[in-house]
Amino acid sequence: MSNKRGKQKNSTYTDDFEAFVRESLVKLSEGQDRILHDVATLKGKVQLNESSLNDISARLTKINHNYEEVKGELHDANCKIEEIESTMQNQAQQIGAMHERFLSIERYSREYNLRFHNIPESPGEDCPEDRNQGRPGNAHRIGPSIADKPRAIICKFCFRRNVTFRTSSEDREKKKKLKDVMKEAY
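Taking the numbering used here, the leading residue of the sequence shown gets 2, the next gets one more, and so forth.
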């Protein structure tokens, strides 16, 4: 009796163990299939990622190339700007020097000019014919004609030495004082 019962227990236990192993193998097989499927999916995704990475790498290379071109063009533009600024600075200095020279020439040109105001103006008058003492080299009326007000006459004296020698020392002193006042005014 006891032998039969022991065989039954052993046989049930073996059947249960076999069922357990079969069940475990089925589960392992299913898990392995899922893992293989997941690995295949991951391989596909890796290939997609690699192709995307290659595209991104190509784009980045192109962007770097374009950046280097733009950087070179920017450097060239900056060099040209510096050259233009240098040229402008030189030209500004030249213009300043020419302006000073122009003012000097204009002051020299007008140094022996005299303006006469409130001298009656007659129609058809010719200032060079009307000139008398002092022998001006050039004389003319200046400015627009305004009703009831005569225009000023400006005379330029060509014989500077004669005029200078004829003036008294007192007149020369007054001229020096006036010259100092004019320098302060300008």
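For each residue, glycine too, the CB sits at the ideal point set by N, CA and C.
Length of the line joining the Cα atoms of residue 181 and residue 116: 19 Å
For residue 140 and residue 154, which I take to be in contact (beta-carbon distance under 8 Å), what is that distance rounded to the nearest angstrom? 6 Å
Between which two residues does the beta strand (DSSP E) holding residue 114 run? 114-117
Under the DSSP definition of a beta bridge, which residues are partnered with residue 66? Paired residue(s): none; residue 66 is not in a bridge.
Pairwise C-alpha distance: residue 82 and residue 91: 14 Å
Residue 123 versus residue 86 - alpha carbon distance: 56 Å
Alpha-carbon to alpha-carbon, residue 100 and residue 143: 24 Å
Separation of residue 98 from residue 105, as counted between CA atoms: 10 Å
Rounded to a whole number of angstroms, what is the C-alpha to C-alpha distance between residue 78 and residue 93? 22 Å
Closer than 8 Å by C-beta to residue 49: which residues in its own chain qualify, once you throw out the five before and the five after it? Chain order, please. none
Residue 28 to residue 54, Cα distance in whole Å? 37 Å
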